[in-house]
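Residue numbers (the numbering used here): 12 to 252.
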């Protein structure tokens, strides 16, 4: 089922080339949503943005953050593959990678964890495992995990671009499958992070639309995640008023 041996309690692959097929390489986890960017000059599609969760370290403290790594064709990740991370300079991920240029990118269908990480510090921490090829932490309940090292950094612009290389791949469990409520929570989480950039009325209108999808197609975890984000938006609105 897996090339390579068992490392740190995880099924691991030894280095070989990039991420096969978006959020899910090898069909052990099928892919959640991908955002695709058009290539320069309108010559078709060249960049794909994967919605993942990244763990980084500050000393022994673990930071968990949703991140959108950018992938070039052939849009796959395996050991030896490279991708870009573009955190804001104010983000913990930026500071952590600057001081310790290693981390773990995760593919996960846990939208409650993603929602919590999007708008604040995750407490208590979810189950973690030690990384095997770097100093870092793996989310034990993710579908897949990609340990990486930063190989270069471009500091031009508001966001710094870190070029990262996968050094170890772990397949932990199957991805649950496509679900509209999961995707709706993902969009709601992205909107919640833009509360300082978008009119609150616009965000609330979009939440009304997304709430119908979550109510019709979501399970308990998706419902809880959406309720958590909706409450966050309400509290931010009350605080700004």
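Ideal Cβ positions, reconstructed from N, Cα and C, are used throughout, including at glycine.
- The DSSP-derived three-state label of residue 66 is strand.
- Note on residue 135: under 16 other CB atoms within 10 angstroms of its CB, so exposed under the neighbour-count rule.
- Note that the C-beta distance between residue 175 and residue 160 is below 8 Å.
- Spanning the alpha carbons of residue 219 and residue 77 requires a straight line of approximately 23 Å.
- In the displayed model, residue 101 falls within coil according to three-state DSSP, outside both helix and strand.
- Counting only runs of at least 3 residues, the segment 142-205 fully encloses the following beta strand (DSSP E) elements, listed from N- to C-terminal order: 148-150, 155-165 and 172-182.
- In this structure residue 137 is buried. Its beta-carbon is surrounded by 16 or more other beta-carbon atoms within 10 angstroms.
- The C-alpha of residue 244 lies about 33 Å from the C-alpha of residue 183.
- Under the DSSP definition of a beta bridge, residue 75 partners with 66.
- The closest CA to that of residue 83, considering only 71, 96 and 74, is found on 96.
- Around the C-beta of residue 236, 16 or more other C-beta atoms lie within 10 Å, and the residue is accordingly described as buried.
- Three or more beta-carbon pairs separated by less than 8 Å are not found between the segment 92-107 and the segment 119-130, which leaves the two stretches without contact.
- Rounded to the nearest angstrom, the Cβ distance from residue 151 to residue 115 is 11 Å, too far for a contact under 8 Å.
- For residue 206 and residue 69, the gap between their C-alpha atoms comes out near 27 Å.
- In chain order, 66, 68, 73, 115, 139, 140, 141 and 142 place their CB closer than 8 Å to the CB of residue 148, counting only its own chain and leaving out the 5 sequence neighbours on each side.
- Its chain contains 67, 68, 69 and 74 as the residues whose beta carbon lies nearer than 7 Å to that of residue 107, once the 5 sequence neighbours on both sides are disregarded; these appear in chain order.
- Closest by C-alpha distance to residue 191, out of 222, 212, 216 and 133, is 222.
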